[in-house]
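Undergrad: Heads up, the sequence shown is in my numbering, so the first residue is 115 and it goes up one at a time.
One structure, pasted below without further comment.
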Amino acid sequence: MLSTLIADFKIIFERDPAARNWLEVLFCYPGLQVLLFHRLAHWLHHLGLPFLPRFLSHIARFLTGIEIHPGAIIGKGVCIDHGMGIVIGETAIIGDYCLIYQGVTLGGTGKESGKRHPTLGENVVVGAGAKVLGNLQIGNNVRIGAGSVVLRDVPSDCTVVGIPGRIIYQSGVRVSPLEHGKLPDSEAVVIRALVDRIEALEESLETLKKQQQGTHSLVKAVIPTDCKKELVEAGKSCQLRDRDIREFLDSSGM
115 MLSTLIADFK
125 IIFERDPAAR
135 NWLEVLFCYP
145 GLQVLLFHRL
155 AHWLHHLGLP
165 FLPRFLSHIA
175 RFLTGIEIHP
185 GAIIGKGVCI
195 DHGMGIVIGE
205 TAIIGDYCLI
215 YQGVTLGGTG
225 KESGKRHPTL
235 GENVVVGAGA
245 KVLGNLQIGN
255 NVRIGAGSVV
265 LRDVPSDCTV
275 VGIPGRIIYQ
285 SGVRVSPLEH
295 GKLPDSEAVV
305 IRALVDRIEA
315 LEESLETLKK
325 QQQGTHSLVK
335 AVIPTDCKKE
345 LVEAGKSCQL
355 RDRDIREFLD
365 SSGM
């Protein structure tokens with residue numbers, strides 16, 4: 115346990131530029147203080163003692179504003195930045211060297227028994243206000259954007275943004291874990307693609323009007339033959355062929 119506490123202490127100096135000396139970190143960093151309480155409460159919980167582990171976690175919540183159930187498993191070198199409003203459930207597992215910002219919830223989705231909270235791999239960054247709900251598997255080196263709501267498993271080396279959370283691959287680009295604000299905006303990309311599509315269709319329509327073609331020629335030019343057959347036979351619209359739009363819809367479960 116001593117080596118774990120030392121790792122918890124050292125990681126603050128690596129990831130927080132405001133950390134200036136050990137005295138300030140020890141007495142003024144609620145993220146470190148709540149981990150000290152939790153290490154002891156988890157050990158007592160593991161021994162099967164009643165009441166006392168929960169009482170220690172309650173004291174820690176009162177002092178730091180961070181609620182961690184004694185049953186949660188937290189690896190070494192975990193950094194809780196600011197921390198106010200964080201809730202970590204009983205069966206949650208947090209891997210080594212994760213970075214968790216304020217307002218994060220690692221919670222369940224109902225009253226089911228057994229494993230009902232998320233499992234985070236190593237070096238995971240969870241942005242401010244993000245919610246990870248249910249018995250999910252979050253891989254190593256995952257970055258969860260601020261305010262995201264994650265309801266599905268996430269493989270390693272991915273970034274998740276949005277509500278519900280959508281997976282955005284980073285193509286191997288290494289990003290600092292502290293730069294959790296530099297996240298891709300998948301919704302903006304899709305909206306831009308749709309606007310470009312509309313503009314292209316409007317230009318095509320204006321060209322057809324100028325050419326004064328008949329109605330049959332106009333429909334034939336705007337709607338491809340294969341799509342017309344789908345509209346007639348199955349009553350379905352043409353499939354959007356933009357790669358960004360298709361990936362966005364697939365990741366959203368639409």
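Cβ coordinates follow ideal geometry from the N, Cα and C atoms, glycine included.
Because the structure is a prediction, the values reported are computed rather than measured.
Only counting runs of 3 or more residues, tell me where the beta strand (DSSP E) segments fall wholly within the stretch 144-193, in order along the chain.
TA: none
Undergrad: Kindly identify the DSSP beta-bridge partner or partners of I208.
TA: The partner list for I208 (beta bridge, DSSP) reads I188 and L234.
Undergrad: Touch check for the stretch 176-191 and the stretch 146-156: three-plus C-beta pairs under 8 angstroms?
TA: yes
Undergrad: Considering only the beta carbon of each residue, do K190 and A133 sit closer than 9 angstroms?
TA: In terms of Cβ geometry, K190 and A133 do not form a close pair [threshold 9 angstroms].
Undergrad: Assign T415 to one of three DSSP states: helix, strand, or coil.
TA: What the structure shows of the chain is the stretch from 115 to 368, and residue 415 is not part of that stretch, so it cannot be assessed.
Undergrad: If you run the structure through DSSP and keep just helix, strand and coil, what is V240?
TA: strand
Undergrad: Given a cut-off of 9 angstroms, decide if T219 and V201 are closer than it, judged by their beta-carbon atoms.
TA: yes
Undergrad: From what residue to what residue does the alpha helix (DSSP H) around V139 run?
TA: Segment W136 to C142, the alpha helix (DSSP H) holding V139.
Undergrad: Measure the alpha-carbon distance for I208 versus P164 and round it to whole angstroms.
TA: 24 angstroms
Undergrad: Could you check which residue in W157, L137, Y143 and F127 has the C-alpha nearest to that of L116?
TA: W157
Undergrad: In terms of alpha-carbon separation, which member of G248, N249 and A244 lies closest to T273?
TA: A244
Undergrad: Counting C-beta neighbours from all protein chains within 10 Å, is the total for F151 16 or more, i.e. buried, or is it exposed?
TA: buried
Undergrad: On the three-state DSSP scale, how would you describe G259?
TA: Three-state result, G259: coil.
Undergrad: Taking Cβ to Cβ, would you say L250 is nearer than 9 angstroms to D267?
TA: Yes.
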